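A.B. asks:
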C-alpha cells in the first residue's frame, strides 16, 4: 500500500481524481442526509407547512411530540410496535438459532433433508394469497400472532448462523459434553457466548424487520385497527394524509407528520451505530462461506 | 465416550448387538437436537409448505363463496387476456430491469470510488451514512419523500418555485413517477449494496497491485486489469441474487403508488394484492402469483446454470 501511495501521490492526474472523488462522496452524503435532516428539523417547526424555503425553524417547539405522547390514537400504535418488535425478535432468534444449531451438527441424521427444507424457501415461495389463506385457516386473522409468526425464520439468516456455529471448534463442544452438558446447556453456555457477532447482526436484522413491518398488519389485521403498529399509523397519516381526529389542534399537522416520521426513525438511529461493526463482519463471514 | 459433536464416531463396545435398531439409536442420541429444531420445522411446514399446497387453488374457481369447481388453466387464460395483468406484467419488467441496471452500475462504481479513499475516518463516515437508508422502513421512506416532494412546503418544489419553475407532483404524475420511484429505490438501496463489493475489494491480494506497478500500470490500468476482474465473481453472485428479487417490488411500490399512476406503477404483486385480498378473487390471484413465482424461479435457476457454465462453479 505504501508503495502505491509513494509512486502516485504526486501525479497531478491522481490529485485531480482524488479531489473529484472527495466532492462526489460529499454530494452522496448530502443527497442521503438532506431528506432525513429536513424532516427532523421540520418536526420542531410550527410553520413548516407554509410554502417557505427555510433551512432552520424560527422558533423550536416540541408540541408535535407532546401530542404523540398524549393521544392514545398515536401512542397505542407506538406501544404495539415496541411489544411486537421485542417479542417477534425473541421468537425469531429462538426458532432460527435452535434450527441452525441442529444443522451445525455434522452427524445429525436427516441433516441434508432439514437443510434442504429451509433452502427451498430461499428460492421458491408460494406467494401472498396461499399464505394468507393458510393464516386465515389457522385462525390467526386479526391477532398479533399472525404478524409475529409468518416470518419467524429467514433462510438466509439461518445459513449465516449455521456457518457461525460451525466455525466453533468441535473440541470445545466435546469438552462441554464430557463435563456433563446437555445439548441445550452447551448451546446456552458455549455456543451463544462464542457467536455474539453473528447473533448481534441477525438480531439487529430481525429487530429492524419487526420494527419496519407494516404490510402484514394490513393483510392479517383487517378488522382490529387498534392492533395496528406505528408504521401503519404513519402510512395513513402521511401517505394517505388521513388527519381525522387532529383537526382541532392549532398547530400545523405538517409538523405532526414530520414528528411521527422522526419518532419512527429514532430507534433505528439508536441501534444502528451500536451494531454496525457487527453486521458488516457478520454478513461477510456468512457470505464468504455461504 | 461417544459425543454428539465430534466428526469421528467412536463405536460403543456392544453396538453390533443393536444392529437392527441402529438407525433408531442414532436418532435417539440426537433427540435433544430434534426437539430444539422442532419449532423451526413446524414453522417451515406451516408457513411455507402448507401454502405451497394452496397453489392448487390456481386451478379452481375460488372466490368469496368458497372453493368451487376445478377449471384447469382458465385463470391463466383470463390473466393473459386481462388488461390489468398485462399492464402489471409490463411495469414489473420495466421497473425491475431498469432497477437492476441502475443499482448494479451505481453500487459497483461507488464501491470502486470508496475503495480509492485513503482517509480511513472519512471512508467510515461515508459508509455509515450510505448504509443508513436501508434500515428505514418503506413506510418511512415513502412518508419521507411524500413530504420532501410535496407541492406544499416540500423542499424540492420550494427550490423549483424559488428558481421560477412550476411545482411538480412527482408521485402523482404518470410521466414523472417511474423516474422518481427508481431514484427513491436507489436512494435506499445503493449504499447497502456496496457492502458485499467492499468486502471483496478488501480481499484483493496487494501483491497484485505491487506487481502491476512494477510493470508500469497507472491507477486506471490497475483498476481495469486487477480490481474489476477480481470483482467479477461477486458481481455474478449479486446479479443472480438481484434476479431472485427481480419481481419483488411490492412494498416500495405499495407505499409510493396511488390510483393516479396505476398505469405506470402497478406491478404483479400489487395487482395480486388488489385482485386477491381486496376483491376476494382468491383462485385468480393465486394463479397470477404462481405465474410470477415460476418466472422468478426459472430466472434464478437459469442464471445459476449460465454462471456455472462460465465459471465452473454454481452459486446456489
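Residue numbers (the numbering used here), protein chains in the order written: chain A, 359 to 648; chain B, 1069 to 1384.
Note that the Cβ used here is the ideal one computed from N, Cα and C, for glycine as well.
Everything numeric in this text was worked out from a predicted model, so none of it was measured.
#1: So which residues on chain A does residue 1419 of chain B lean against when the C-beta distance must stay under 9 Å?
#2: Would you give the residue range spanned by the beta strand (DSSP E) that residue 1128 of chain B belongs to?
#3: Report the rounded CA-to-CA distance for residue 1265 of chain B versus residue 1298 of chain B, giving the unit in angstroms.
#4: In terms of alpha-carbon separation, which member of A/387, A/553, A/585 and A/382 lies closest to residue 438 of chain A?
#5: List the endpoints of the continuous alpha helix (DSSP H) containing residue 1259 of chain B.
#6: Specify whether the segment 503 to 513 of chain A and the segment 575 to 592 of chain A touch according to this definition: at least 3 beta carbon pairs, one from each stretch, less than 8 Å apart.
#7: Residue 1138 of chain B lies in the beta strand (DSSP E); which residues open and close that run?
#8: Measuring straight from C-alpha to C-alpha, what distance separates residue 398 of chain A and residue 1200 of chain B?
#9: Among B/1162, B/1112, B/1341 and B/1354, which one has its Cα closest to the Cα of residue 1246 of chain B?
#10: Just curious, the alpha helix (DSSP H) that residue 1143 of chain B is in, first and last residue?
#11: Below 8 Å on the Cβ atoms is my guess for residue 1213 of chain B versus residue 1252 of chain B; work out the distance and round it to an integer in Å.
#12: So with CB distances below 9 Å, who are the chain B contacts of residue 577 of chain A?
#13: At a CB-CB cut-off below 7 Å, which residues of chain A make contact with residue 1249 of chain B?
#14: Specify whether the segment 1180 to 1200 of chain B and the segment 1274 to 1281 of chain B touch according to this definition: at least 3 beta carbon pairs, one from each stretch, less than 8 Å apart.
#15: Please return the same chain residues whose Cβ sits closer than 7 Å to the Cβ of residue 493 of chain A, not counting the five positions on each side in sequence.
#16: Can you pull out the residues from the segment 525 to 543 of chain A whose beta carbon lies closer than 7 Å to at least one beta carbon of chain B?
#17: Check the DSSP bridge columns for residue 400 of chain A and list the partner residues they point to.
#18: Taking 9 Å as the CB-CB cut-off, is residue 1100 of chain B touching chain A?
#19: Using a 10 Å radius around the Cβ and a threshold of 16 neighbouring Cβ atoms, would you call residue 534 of chain A buried or exposed?
#20: Would you mind working out which of B/1351, B/1254 and B/1181 sits nearest residue 1288 of chain B, comparing C-alpha positions?
#21: Tell me, please, whether the segment 561 to 574 of chain A touches the segment 617 to 633 of chain A by the rule of three or more beta-carbon pairs shorter than 8 Å.
#22: For residue 1255 of chain B, which residues in chain A fall below 9 Å Cβ to Cβ?
#23: When DSSP labels each residue in this structure, what does residue 526 of chain A get in the three-state scheme?
#24: Identify whether residue 418 of chain A lies in helix, strand or coil by the three-state DSSP scheme.
#25: Kindly say whether residue 608 of chain A, judged by its beta-carbon, lies nearer than 9 Å to any beta-carbon of chain B.
#26: Does the beta carbon of residue 1220 of chain B sit closer than 9 Å to a beta carbon anywhere in chain A?
#27: Is it true that the segment 470 to 487 of chain A meets the segment 1108 to 1120 of chain B, where meeting means three or more beta-carbon pairs spaced less than 8 Å apart?
#28: Tell me which residue opens and which closes the alpha helix (DSSP H) that residue 479 of chain A is part of.
#29: Would you say the segment 380 to 397 of chain A touches the segment 1209 to 1228 of chain B, given that touching needs at least three Cβ pairs under 8 Å?
#30: Please state whether DSSP places residue 376 of chain A in a helix, a strand or coil.
#31: When you check each C-beta in the segment 421 to 440 of chain A against every C-beta of chain B, which residues fall closer than 9 Å?
#32: How about residue 470 of chain A: is its C-beta nearer than 9 Å to some C-beta of chain B?
#33: Just the chain A side, please: which residues come within less than 8 Å of residue 1353 of chain B by C-beta, in chain order?
#34: Does the beta carbon of residue 583 of chain A come closer than 9 Å to any beta carbon on chain B?
#35: Roughly how many whole angstroms lie between the Cα atoms of residue 1130 of chain B and residue 467 of chain A?
#36: Could you name the residues of chain A that residue 1184 of chain B contacts, counting a contact when the two beta carbons are closer than 9 Å?
C.D. replies: Short version:
#1: What is shown of chain B runs 1069 to 1384, which leaves residue 1419 of chain B out entirely.
#2: As a first step, residue 1128 of chain B must be located in the second chain, where it is residue number 60. Counting along the chain, the beta strand (DSSP E) containing residue 1128 of chain B begins and ends at 1128 to 1131.
#3: Indexing the second chain from 1 puts residue 1265 of chain B at position 197. Indexing the second chain from 1 puts residue 1298 of chain B at position 230. Each residue's alpha carbon lies about 10 Å from the other.
#4: Within the first chain, numbered from 1, the residue matching residue 438 of chain A stands at position 80. In this structure, A/585 is the residue among A/387, A/553, A/585 and A/382 with its C-alpha nearest to the C-alpha of residue 438 of chain A.
#5: Within the second chain, residue 1259 of chain B is the residue found at index 191, counting from 1. Per DSSP, residue 1259 of chain B belongs to the alpha helix (DSSP H) from 1242 to 1270.
#6: The segment 503 to 513 of chain A vs the segment 575 to 592 of chain A: in contact.
#7: Locating residue 1138 of chain B in the second chain gives position 70, where the first residue counts as 1. It spans 1134 to 1138 - the beta strand (DSSP E) in which residue 1138 of chain B sits, taken as one unbroken run.
#8: Counted from its first residue, the first chain places residue 398 of chain A at position 40. Counted from its first residue, the second chain places residue 1200 of chain B at position 132. Roughly 15 Å separates the two Cα atoms.
#9: The sequence position of residue 1246 of chain B within the second chain is 178, counting from 1. Answer by Cα proximity: B/1162.
#10: Within the second chain, the letter at position 75 stands for residue 1143 of chain B. Unbroken alpha helix (DSSP H) run through residue 1143 of chain B: 1142 to 1149.
#11: Taking the first residue of the second chain as 1, we reach residue 1213 of chain B at position 145. Taking the first residue of the second chain as 1, we reach residue 1252 of chain B at position 184. Cβ-Cβ separation between residue 1213 of chain B and residue 1252 of chain B: approximately 5 Å, consistent with a contact (criterion under 8 Å).
#12: Sequence index remark: in the first chain, residue 577 of chain A carries index 219 (1-based). Neighbours of residue 577 of chain A on chain B, chain order: 1341 and 1345.
#13: Against the second chain, residue 1249 of chain B aligns to sequence position 181. Those within 7 Å of residue 1249 of chain B in chain A number zero; the least Cβ separation is about 14 Å.
#14: The segment 1180 to 1200 of chain B makes no contact with the segment 1274 to 1281 of chain B: fewer than 3 CB pairs, one atom from each, lie closer than 8 Å.
#15: In the first chain, counting from the first residue as 1, residue 493 of chain A sits at position 135. Answer for residue 493 of chain A: 499, 504, 508 and 578, listed in chain order.
#16: Of all residues in the segment 525 to 543 of chain A, 528, 531, 532, 535, 536, 540, 541 and 542 have a Cβ within less than 7 Å of some Cβ in chain B.
#17: Indexing the first chain from 1 puts residue 400 of chain A at position 42. In the DSSP output, where bridge partners are listed per residue, residue 400 of chain A has none listed.
#18: Position 32 of the second chain, counting from 1, holds the residue named residue 1100 of chain B. So, interface residue.
#19: The residue given as residue 534 of chain A occupies position 176 in the first chain. Flag for residue 534 of chain A reads buried.
#20: Taking the second chain and counting its residues from 1, the one referred to as residue 1288 of chain B is at position 220. Of B/1351, B/1254 and B/1181, the residue nearest in Cα terms is B/1181.
#21: Flag = yes, the segment 561 to 574 of chain A and the segment 617 to 633 of chain A touch.
#22: Along the second chain, read from residue 1 onward, the residue named residue 1255 of chain B stands at position 187. By Cβ distance, chain A contributes 389, 390 and 393.
#23: Within the first chain, numbered from 1, the residue matching residue 526 of chain A stands at position 168. Annotated three-state conformation of residue 526 of chain A is coil, per DSSP.
#24: As a first step, residue 418 of chain A must be located in the first chain, where it is residue number 60. The answer is strand: DSSP assigns residue 418 of chain A an E or B state.
#25: For this step, residue 608 of chain A is matched to residue 250 along the first chain. Per-residue confidence for residue 608 of chain A stands at a pLDDT of 46, beneath the threshold of 50, marking its modelled position as unreliable; the derived number appears in the next sentence. Under the Cβ criterion of 9 Å, residue 608 of chain A is not counted among the residues facing chain B.
#26: Mapped onto the second chain, residue 1220 of chain B falls at position 152. Using a Cβ-Cβ cut-off of 9 Å, residue 1220 of chain B counts as an interface residue toward chain A, since at least one Cβ of chain A sits closer than that to its own.
#27: Yes: at least three Cβ pairs fall under 8 Å.
#28: As a position in the first chain, residue 479 of chain A is number 121, starting the count at 1. Counting along the chain, the alpha helix (DSSP H) containing residue 479 of chain A begins and ends at 469 to 481.
#29: With the cut-off at 8 Å, the segment 380 to 397 of chain A and the segment 1209 to 1228 of chain B touch.
#30: On the first chain, position 18 is the one that residue 376 of chain A refers to. In this structure, residue 376 of chain A counts as helix in the three-state DSSP scheme.
#31: So nothing in the stretch comes that close.
#32: Translated into positions along the first chain, residue 470 of chain A becomes position 112. Answer no: the Cβ-Cβ gap between residue 470 of chain A and chain B never drops below 9 Å.
#33: As a position in the second chain, residue 1353 of chain B is number 285, starting the count at 1. Per Cβ cutoff of 8 Å: 486 and 487.
#34: Reading the first chain from its first residue, position 225 is the one you call residue 583 of chain A. So no, residue 583 of chain A is outside the interface.
#35: Translated into the one-based positions of the second chain, residue 1130 of chain B becomes position 62. Translated into the one-based positions of the first chain, residue 467 of chain A becomes position 109. Between residue 1130 of chain B and residue 467 of chain A, the alpha-carbon positions lie close to 41 Å from each other.
#36: Position 116 of the second chain holds residue 1184 of chain B. Result: 375, 376 and 379.
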